[in-house]
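*Asks:*
Protein chains in written order, with the working numbering: chain A, 1 to 343; chain B, 1001 to 1348.
(1) Does the CB of residue 1108/B have a neighbour CB from chain A at under 9 angstroms?
(2) Residue 237/A to residue 225/A, Cα distance in whole Å?
(3) Measure the alpha-carbon distance for residue 155/A versus residue 1057/B and round it to whole angstroms.
(4) Using a C-beta to C-beta distance shorter than 7 angstroms, which residues of chain A count as neighbours of residue 1239/B?
(5) Taking the alpha carbon of residue 1363/B as the point to measure from, which residue in 193/A, 163/A and 230/A has its own alpha carbon closest?
(6) If the criterion is Cβ atoms closer than 9 angstroms, does the pair residue 1046/B and residue 1054/B meet it?
(7) Counting only runs of 4+ residues fully inside the stretch 1173 to 1259 of chain B, write out the alpha helix (DSSP H) ranges in chain order.
(8) Run through chain A and tell me which residues come within less than 7 angstroms of residue 1042/B, C-beta to C-beta.
(9) Quick one: Cα of residue 163/A to Cα of residue 145/A, how far?
(10) Does the Cβ-Cβ distance between residue 1146/B and residue 1263/B come in under 9 angstroms?
(11) Inspect the beta-carbon positions of residue 263/A and residue 129/A and report whether they are closer than 9 angstroms.
(12) Under DSSP, the alpha helix (DSSP H) around residue 233/A begins and ends at which residues?
(13) Just grab the DSSP bridge partners of residue 1045/B for me.
(14) Pairing CB atoms from the stretch 246 to 254 of chain A with CB atoms from the stretch 84 to 93 of chain A, are three or more of them under 8 angstroms?
(15) Are the beta-carbon atoms of residue 77/A and residue 206/A separated by less than 9 angstroms?
(16) Have a look at 1292/B, 1121/B, 1314/B and 1313/B and flag the residue whose alpha-carbon is nearest the alpha-carbon of residue 1094/B.
(17) With 8 angstroms as the limit, tell me which residues of the stretch 98 to 130 of chain A have their beta carbon closer than that to any beta carbon of chain B; keep them in chain order.
(18) For a test of the three-state rule: what should DSSP assign to residue 226/A, helix, strand or coil?
(19) Show which residues of chain A have a CB atom less than 7 angstroms away from the CB atom of residue 1270/B.
(20) Under 9 angstroms, Cβ to Cβ, is there at least one residue of chain A near residue 982/B?
(21) Give the interface partners of residue 1177/B over in chain A, defined as CB-CB distance under 9 angstroms, in chain order.
(22) Just verifying my parser: in three-state terms, what is the DSSP assignment at residue 1129/B?
(23) Taking contact to mean 3 or more Cβ pairs, one atom from each stretch, closer than 8 angstroms, check whether the stretch 1030 to 1042 of chain B and the stretch 1012 to 1020 of chain B are in contact.
(24) With burial defined as no fewer than 16 other Cβ atoms inside 10 Å of the residue's Cβ, what is the status of residue 318/A: buried or exposed?
(25) Could you check whether residue 167/A and residue 107/A sit closer than 9 angstroms to each other, using their CB atoms as the reference points?
(26) Decide if the stretch 171 to 178 of chain A is in contact with the stretch 1311 to 1329 of chain B; the criterion is three or more beta carbon pairs, one per stretch, under 8 angstroms apart.
(27) Three-state secondary structure (DSSP) at residue 1154/B?
(28) Cβ of residue 94/A less than 9 angstroms from any chain B Cβ?
(29) Count the other CB atoms within 10 Å of the CB of residue 1226/B; is the residue buried (16 or more) or exposed (fewer)?
(30) For residue 291/A, which of helix, strand or coil comes out of DSSP?
(31) Rounded to the nearest angstrom, what separates residue 1229/B and residue 1294/B at their Cα positions?
(32) Following the continuous alpha helix (DSSP H) through residue 89/A, name the residue where it begins and the one where it ends.
(33) Cutting at 7 angstroms between CB atoms, please list the residues of its own chain near residue 1312/B, excluding the five before and the five after it.
(34) Report the neighbours of residue 1273/B on chain A: residues whose CB is nearer than 8 angstroms to its CB, in chain order.
(35) Return the first residue and the last residue of the alpha helix (DSSP H) that residue 1100/B is part of.
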């Protein structure tokens, strides 16, 4: 055995490259945020950015920057939440295709909010968040239960089909609710495609406690996700309480998805793409994978938002559409990569 | 002694087969009767009751004051488009389910009708088109998306699993495209475009029914002549080849015909939710498994759309397009079906 392939060497290089990647990713996040504040439908110069960022809104350009700052913050939060939620879901289900969008969790959250607005006259942000989180929870449990029935447990194919069918039913029901209500149709249309435009700090604040709780739960379950990756029997043999570990991690992911959907609407595919990229960068250890997924998710969502602002000038493309167009090809690529038996 | 018992066994088998064939044709006749009854009820009974005599006179071509407009212009085209589209969806759906050997693999879930409606929505909202041009674009897009799914799933051959998953990925992309286009729509074309999201036979004309009828005749008969091949493919490619089925050629014909049925029907009525998905399993359940469900599935599809449209128009508070009703009716059945098919292992 040569020195370069010894286990210690591999571990040491991996650790080294992880630190390098961490620096790279943090730097990229910084650059992306800078771009997000400076680029857009209207061009601004550095002086305006500085003035706008410090709260000055005298000129048009400064006002634009002042609007873009909360928008960027929301993109960072939502992207991080979705990336993290995706990594957790893929870990829990041991399914490379798990994603809040594919599994119908976002559609469930959106339907719950539509019901709340149309039937119960909900109009506060707090109510939206609670409703979205319960909707996400119900949809997630539902899809997982259906997908894991029968022979072979929760195979990716069954989960994806159950999620797709649930999405169709949820979307159909959402339309049924809003169709006769002309007064709210415009308000709910935003629940069909997610976006981060029009964000304000007042709207972001109520979500923070949920996001923090979700992040904490998810990061704490990194170790048990590592054990679950070995298979249920092995994990139980190594002392993991499988059901508890799954439930805690799932609750974290649901909090993240629900809170994000409550402010931004359903944004798909971030949770699918990001963990796959991160696995290439830092390996399969969830203690590294989860934080990296959060950071990369934030970068992806900011970039998608910037792209959406630039390519559709003078109007904007919602970020949910951009992520779908980035994510669906990745989804198909993953499907093509895996051997049939694994799927 | 042994020969005698063998003859009786053969006789018994033959008798059983005859009985099964008879019971199937009885069931098919019953469903056919139900579709006709539904057709008759839709013609007679709407917001107001039209006497059957008047309906018959309108159908015969004579001008009946008060009934000619309601029956001839409003109800008749609507009922005919419902039946034609329903049959297309039912037949196309059951063919996909049989060929991919998965009851969940229907064209509405794997994105073929989504492709057709994405193109239609784009043509209506962005290009301002209407009428025949929209239908043609929808049909072409249906074929295009089906081809794309097939090519993307190709990797030393195509497996059902990969085809379904690629379809789900593409349809998620197309759905977000539709949602984007709709968000750009001025409110007057929103109702029109919403049809392409859920499926509806509102304002159907006889002109819309003709392409669907033509595709039913052409593609439907192509499919019915390939029934045995489809049944053999259900056993898996190797068995089908062993049974003497030219799999590659027949599969191409079958896919082309099924996609044609779905795309043309989608162009006429929009993607009526879950009809393609539900008809096959319902038909199988009624006539029993192990028998060819194609004709029964087509008839069930027609019945679903007729009933769904009637319920949405007259029995619910407010008026809903048929796709909403079938979507809502379909959801609980879907849950039941997934639960059941997974239990028996078919859903894998």
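Every residue gets a Cβ at the ideal spot worked out from N, C-alpha and C, and that includes glycine. Predicted model only: the values in this text are computed from it and were never measured.
*Replies:* With the given structure in hand:
(1) Here the question's residue 1108/B lines up with position 108 in the second chain. Yes, its Cβ sits closer than 9 angstroms to a Cβ of chain A.
(2) Taking the first chain and counting its residues from 1, one reaches residue 237/A at position 237. Taking the first chain and counting its residues from 1, one reaches residue 225/A at position 225. If I take the Cα positions, the gap works out to 14 angstroms.
(3) The count along the first chain starts at 1 and reaches residue 155/A at position 155. The count along the second chain starts at 1 and reaches residue 1057/B at position 57. If I take the Cα positions, the gap works out to 58 angstroms.
(4) Reading the second chain from its first residue, position 239 is the one you call residue 1239/B. Within chain A, no residue comes near residue 1239/B; the closest Cβ sits about 18 angstroms away, beyond 7 angstroms.
(5) No statement about residue 1363/B is possible, as the shown extent of chain B runs from 1001 to 1348 and does not include it.
(6) Here residue 1046/B refers to the residue found at position 46 when the second chain is read from its first residue. Here residue 1054/B refers to the residue found at position 54 when the second chain is read from its first residue. No. Outside cutoff.
(7) 1187 to 1198, 1206 to 1225, 1227 to 1233 and 1237 to 1242
(8) Taking the second chain and counting its residues from 1, one reaches residue 1042/B at position 42. The premise fails here: residue 1042/B is roughly 22 angstroms from chain A at the closest Cβ pair, so nothing lies under 7 angstroms.
(9) Locating residue 163/A in the first chain gives position 163, where the first residue counts as 1. Locating residue 145/A in the first chain gives position 145, where the first residue counts as 1. The alpha-carbon atoms of residue 163/A and residue 145/A are separated by roughly 11 angstroms.
(10) Position 146 of the second chain, counted from the start, is the residue given in the question as residue 1146/B. Position 263 of the second chain, counted from the start, is the residue given in the question as residue 1263/B. In contact: residue 1146/B and residue 1263/B (Cβ atoms closer than 9 angstroms).
(11) Counted from its first residue, the first chain places residue 263/A at position 263. Counted from its first residue, the first chain places residue 129/A at position 129. Yes, these two residues count as a Cβ contact at 9 angstroms.
(12) What you label residue 233/A is simply residue 233 of the first chain in a count that begins at 1. Counting along the chain, the alpha helix (DSSP H) containing residue 233/A begins and ends at 232 to 237.
(13) Residue numbering aside, residue 1045/B sits at position 45 when the second chain is read from its first letter. Its beta-bridge partners are 1049/B.
(14) yes
(15) Within the first chain, the letter at position 77 stands for residue 77/A. Within the first chain, the letter at position 206 stands for residue 206/A. No, these two residues do not count as a Cβ contact at 9 angstroms.
(16) Translated into the one-based positions of the second chain, residue 1094/B becomes position 94. Nearest option by C-alpha distance: 1292/B.
(17) 101 and 102
(18) Numbered from its first residue, the first chain carries residue 226/A at position 226. Reduced to three states, the DSSP call for residue 226/A is helix.
(19) Along the second chain, read from residue 1 onward, the residue named residue 1270/B stands at position 270. Going along chain A, no residue has its Cβ under 7 angstroms from residue 1270/B, so there is no contact; the nearest lies around 12 angstroms.
(20) Not covered by the structure: residue 982/B. The range shown for chain B is 1001 to 1348.
(21) As a first step, residue 1177/B must be located in the second chain, where it is residue number 177. Correct list: 321, 324 and 325.
(22) Counting from one through the second chain, the residue named residue 1129/B turns up at place 129. DSSP places residue 1129/B in coil when its eight states are reduced to three.
(23) no
(24) The residue given as residue 318/A occupies position 318 in the first chain. The residue in question, residue 318/A, is buried, as its Cβ has 16 or more Cβ neighbours within 10 Å.
(25) Translated into positions along the first chain, residue 107/A becomes position 107. Translated into positions along the first chain, residue 167/A becomes position 167. For residue 107/A and residue 167/A, yes; Cβs fall inside 9 angstroms.
(26) yes
(27) Position 154 of the second chain, counting from 1, holds the residue named residue 1154/B. Three-state DSSP puts residue 1154/B in coil, outside helix and strand.
(28) In the first chain, the residue the question calls residue 94/A occupies position 94. Not an interface residue.
(29) Start at 1 with the first residue of the second chain, and residue 1226/B comes out as number 226. So residue 1226/B counts as buried.
(30) For this step, residue 291/A is matched to residue 291 along the first chain. Helix at residue 291/A.
(31) What you label residue 1229/B is simply residue 229 of the second chain in a count that begins at 1. What you label residue 1294/B is simply residue 294 of the second chain in a count that begins at 1. Taking the straight line joining both Cα atoms gives about 13 angstroms.
(32) Here residue 89/A refers to the residue found at position 89 when the first chain is read from its first residue. Its alpha helix (DSSP H) spans residues 60 to 93.
(33) For the purposes of this step, residue 1312/B is identified with residue 312 of the second chain, where counting begins at 1. So the list reads 1319, 1320, 1321, 1322, 1324 and 1325, once near-sequence residues are dropped.
(34) Within the second chain, residue 1273/B is the residue found at index 273, counting from 1. The contacting residues are 168 and 172.
(35) For the purposes of this step, residue 1100/B is identified with residue 100 of the second chain, where counting begins at 1. No alpha helix (DSSP H) holds residue 1100/B; DSSP gives it neither H nor E.
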